[in-house]
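A.B. asks:
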Amino acid sequence: MPTVRDVRDNTGDEPITMLTAYDAPTAAIVDQAGVDVILVGDSVGNTTLGYETTLPVTVEDTLRHVGAVVRATEDALVVADMPFLSFGVDDAESLENAGRMLKEAGATAVKLESGPHTIELTEKMVQLGIPVMAHLGLTPQHVNQYGGFPRQGTDEESARRILELAEAHADAGAFALILEHVPSNVAAQVTDAIDIPTIGIGAGPSCDGQVLVFHDVVGLSEWSPSFSKQFGDVKAAMKSAVDEYVNSVEDGTFPGDEHSYEQSDLDRIY
Ligand code: KIV
């Protein structure tokens, strides 16, 4: 089982594999495939709970999903994504919410969508024993501020800002950094500049690892970003199984003898 330390020390060795999962059966599949880190992303809001954005996801939602993933995971490191406004407003509340992910749900670490406001908070969490994964570039909890999900770090000033924040979070004790939707040459420079691993999503091949959303990978999403890749068509397989079930009930071929039984002494009950 990779520890936070194993991940932190893995800069430039074997690429780190990371994928989201939100429930026990998919976590078991992801874990058994040998993925190093499972993120219970706040993308649970879009992928699983039917919201348009991640903003409505609550601490209670996250605890429930992290618990399910932890129970089904034997090897991977499980990271809980802190939902919108569950951190950063008030320090005591942030620490308490993050602590619940470890104490109640069994996560090993938390992820914070990061910015200037999370540098000191990261340091405090780490000092208290809550490992923190930082997240820079596109931070989807800012969707209303961005007016969508645009690329980040595309001019010198914003690229430099990402680099400075990456260094500040590494210094504050974050054990890894997600870089989302930034040019690959910017991600490469950040990766070179800091001594913790970068894990990219839409950030090119130079990061120390890669993360994607489970539903995008297996082909279950209604929509997925251009930087993602679909590696399978689970939706088609599920649809075909459900169609076949409906047809079998309707044409009377299910349930057959092999799915039914009789109790011989109950021939007359009326
Ligand atoms: O919530 C999520 O799934 C994420 C990943 C896309 C990094 O934050």
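FYI, the numbering for the sequence shown is 22 to 291, going by our numbering. Idealized CB from N, CA, C, for every residue including glycine.
#1: Which residue wins for smallest C-alpha separation from Gly158, given the options Glu185, Leu149 and Tyr72?
#2: Please name the residue in Ser179, Glu144, Arg26 and Gly221 whose C-alpha comes closest to that of Leu292.
#3: Kindly examine the ligand KIV and report whether one of its heavy atoms sits closer than 7 Å to the Cβ of His156.
#4: If the criterion is Cβ atoms closer than 8 Å, does the pair Phe248 and Gly223 meet it?
#5: Determine the DSSP secondary structure at Asp102, reduced to helix, strand or coil.
#6: Among the residues of its own chain, which have a CB less than 6 Å from the CB of Gln251, if the five just before and after it don't count?
#7: Going by alpha carbons, who is nearest to Val110 out of Ser135, Leu198 and Val99?
#8: If you draw a straight line from the C-alpha of Thr274 to the C-alpha of Tyr72, how long is it?
#9: Is it buried or exposed for Arg121, if we count other Cβ within 10 angstroms and need 16 for buried?
#10: For Glu320, which three-state DSSP category applies?
#11: Shortest alpha-carbon distance to Val61 belongs to which of Arg92, Pro36, Asp34 and Glu35?
#12: Beta-carbon separation of Lys294 and Asp102 under 8 Å?
#13: Under 8 Å, do Glu201 and His156 count as touching if we go by C-beta distance?
C.D. replies: The relevant details are as follows:
#1: The shortest C-alpha separation from Gly158 is found at Glu185.
#2: No information on residue 292 is available, as it lies outside the stretch 22 to 291 that the chain covers here.
#3: Yes - the ligand KIV has a heavy atom lying nearer than 7 Å to the Cβ of His156.
#4: Phe248 is a Cβ neighbour of Gly223, given a cutoff of 8 Å.
#5: Of the three classes helix, strand and coil, the one that applies to Asp102 here is strand, per DSSP.
#6: Closer than 6 Å at the Cβ level, and outside the excluded window around Gln251, lie Gly240.
#7: In this structure, Ser135 is the residue among Ser135, Leu198 and Val99 with its C-alpha nearest to the C-alpha of Val110.
#8: Rounded to the nearest angstrom, the two C-alpha atoms are 38 Å apart.
#9: Buried, by the Cβ-count rule.
#10: No answer is possible for residue 320: the residues shown for the chain start at 22 and end at 291.
#11: Answer by Cα proximity: Arg92.
#12: Because the chain spans 22 through 291 in this model, residue 294 falls outside it and cannot be assessed.
#13: Yes; because the gap between Cβ atoms is below 8 Å, this pair is in contact.
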